[in-house]
Amino acid sequence: MITLYETAYLRIKYEPRHRLLDLQWLTEQVPPAEFRQGYWQALLLAEQYQTRAWLSDFRTVPVPEPADMRWLADHWYPRYVRLKLDKVAIIKPLNPAGQQALAAVVQLANEAGHTNRPDAQYFDNPDAARAWVRQPLTSGQLPPAG
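With the numbering used here applied, the sequence shown closes on residue 139, and no number is skipped along the way.
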């Protein structure tokens, strides 16, 4: 894996063989500007590297302020859903507040019509998430035709 971006808050790695972007939040305490910058960097890198698989390690994800949740839904998600992703794996937050925030952001994005495709697979175990996202697609995982 190649480290593409790293701060005290976030590490983004890329695995060329699987065209996998691996996003890991390193702490729950992140200033709003760094929160947005981190998400934006992940999006730009996914576009630049034509990522086909996305893994978000949210075990220590920061709980966003309401304005940041709205920013994700209004500005980040519209570009994210245009990525040509085949697989999305999410390692669930350990913190109940992080779990609620993740669900709220997904709901806001869905309400705005930014439906996540493919559907994300959620994991408690980081090794299981990484193993799943690296497996070849099966016919049941292929996106619908048309």
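For glycine and all other residues, C-beta sits at the position ideal for the given N, C-alpha and C.
Small disclaimer: the values here were computed from a predicted structure and weren't measured.
Distance from the CA of V54 to the CA of N88, rounded to the nearest whole angstrom, comes to 8 angstroms.
Only residues of its own chain outside the window of five on either side were considered, and among them T53 and P55 have a CB closer than 6 angstroms to the CB of E21, listed in chain order.
L76 and H11 have their C-alpha atoms roughly 15 angstroms apart. Residue burial is scored here from C-beta neighbours: P57 has at least 16 other C-beta atoms within 10 angstroms and is therefore classed as buried.
Within its own chain, the residues whose Cβ lies closer than 7 angstroms to the Cβ of R45, once the five positions on either side in sequence are excluded, are R12, K77, L78 and D79, listed in chain order. A113 sits in coil when the DSSP states are folded into three classes, being neither helix nor strand. Relative to E104, the option among A60, P71 and D15 whose CA is nearest is P71. Boundaries of the alpha helix (DSSP H) harbouring L37: P25 to Q41, taken from the DSSP string.
Between K6 and F51, the CB-CB gap reaches or exceeds 8 angstroms.
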